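**Q**
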Amino acid sequence: MRISCLSLFPEIIQGALSHSIPGKAQERELFQLEHVQIRDFALDKHRSVDEIPYGGGAGMVLKPEPVVAAIRSVKQPDSLVIHPSPSGIPFTQTLAKQLANQPHLILIASRYEGLDQRVIDGWVDLEVSLGDFVISGGELACAVMIDAISRLIPGVVGKLESIQEESFEDGLLEHPQYTRPPEFEGRSIPEVLLSGHHEHIRKWRRKERIRRTRARRPDLFARFQPDKEALKLLKELDQEDA
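According to our numbering, the stretch in the sequence shown is residues 3 to 244, in order.
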């Protein structure tokens with residue numbers, strides 16, 4: 003898989019993805035990450051990439067010419083061009099899985115007041131939002147997306163179970179995690195985790211995932227489709243809360 007990042011501050015993305023799982027995956031050539039400096043495609047001697055918005059208003063807007071030239075420099079017939087934006091569709095684990103199957107992703111990290119709409123209309127295939135908040139630029143958003151996508155590429159994460167048990171994999175949040183020591187500051191870990199009974203542990207973890215999702219993310223829980231076991235666990239939770 004190849005991922006091309008178009009940005010004004012590539013060092014932000016490089017710094018975020020040069021360590022841990024994505025860093026090791028690049029070293030093992032499980033995916034290729036390349037950085038394209040948008041400013042290299044500026045048309046004037048000052049290498050300017052922004053202009054005041056038509057119609058007035060605060061801030062500056064990225065000029066279309068250098069951004070489109072940067073896209074053209076890396077775009078292939080199988081490329082998917084993505085623009086992180088508060089106006090985009092939510093970035094979810096389901097979408098991350100879909101993007102992990104693409105041969106080539108082009109991510110545009112815009113800045114200032116955003117990207118000229120003509121670039122979006124003519125060149126962007128997908129606008130994606132990380133949430134209902136605003137950050138200084140698209141570089142961090144690109145880094146977050148690449149981290150989430152890259153760990154779904156085969157071979158990047160060592161144990162398949164690590165991915166399967168993570169939050170959102172089946173529409174539920176992850177269960178609580180505990181490690182040694184068994185008691186800390188007067189708090190003990192649940193006895194079931196010390197039992198060695200794998201089936202009891204599995205059911206406890208699923209029950210806690212349901213409990214946590216229902217309490218913290220009612221939007222996710224509303225879409226959850228419980229099977230027979232989950233219905234039984236829900237009944238137990240209702241009895242505990244009564």
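The C-beta atom is built at its ideal place from N, Cα and C for all residues, glycine as well.
None of the values given here were measured: they were computed from a predicted structure.
For R74, which option in K234, T96, L101, W125 has the closest C-alpha, if you only look at C-alpha atoms?
**A** W125
**Q** Are any of the Cβ atoms in chain D nearer than 7 Å to that of K234?
**A** Among the chains of the structure shown, chain D does not appear; only one protein chain is present.
**Q** Straight-line CA distance for D172 to F223?
**A** 11 Å
**Q** Within 10 angstroms of its Cβ, does E13 collect 16 or more other Cβ (buried), or is it exposed?
**A** exposed
**Q** Based on DSSP bridge pairs, tell me the residues matched to R49.
**A** Looking at the DSSP assignment, R49 forms no beta bridge with any residue, so it has no partner.
**Q** DSSP beta-bridge partners for L82?
**A** L107
**Q** Is the beta carbon of A150 sitting closer than 7 Å to the one on L19?
**A** no
**Q** Helix, strand or coil for P68? Go by DSSP, reduced to three states.
**A** Correct three-state label for P68: helix.
**Q** Indicate whether the contact test is met: 3 or more Cβ pairs, each with one atom in the stretch 59 to 79 and one in the stretch 113 to 130, closer than 8 Å.
**A** yes
**Q** Identify, in the order they occur along the chain, each residue of the same chain with its Cβ nearer than 8 Å to the Cβ of D134, setting aside the five sequence neighbours on each side.
**A** P88
**Q** Can you tell me which of the three DSSP states E36 falls into?
**A** strand
**Q** In chain order, what residues of the same chain lie with their CB nearer than 7 Å to the CB of F43, ignoring the 5 residues before and after it?
**A** P68, A71, A72
**Q** Determine the burial state of E231: buried for a count of at least 16 other Cβ atoms within 10 Å of its Cβ, exposed for fewer.
**A** E231 comes out exposed.
**Q** Report back the beta-carbon spacing between S9 and G140 to the nearest angstrom; my notes put them in contact at under 8 Å.
**A** 7 Å
**Q** Does the Cβ of V136 have 16 or more other Cβ atoms within 10 Å, making it buried, or fewer, making it exposed?
**A** exposed
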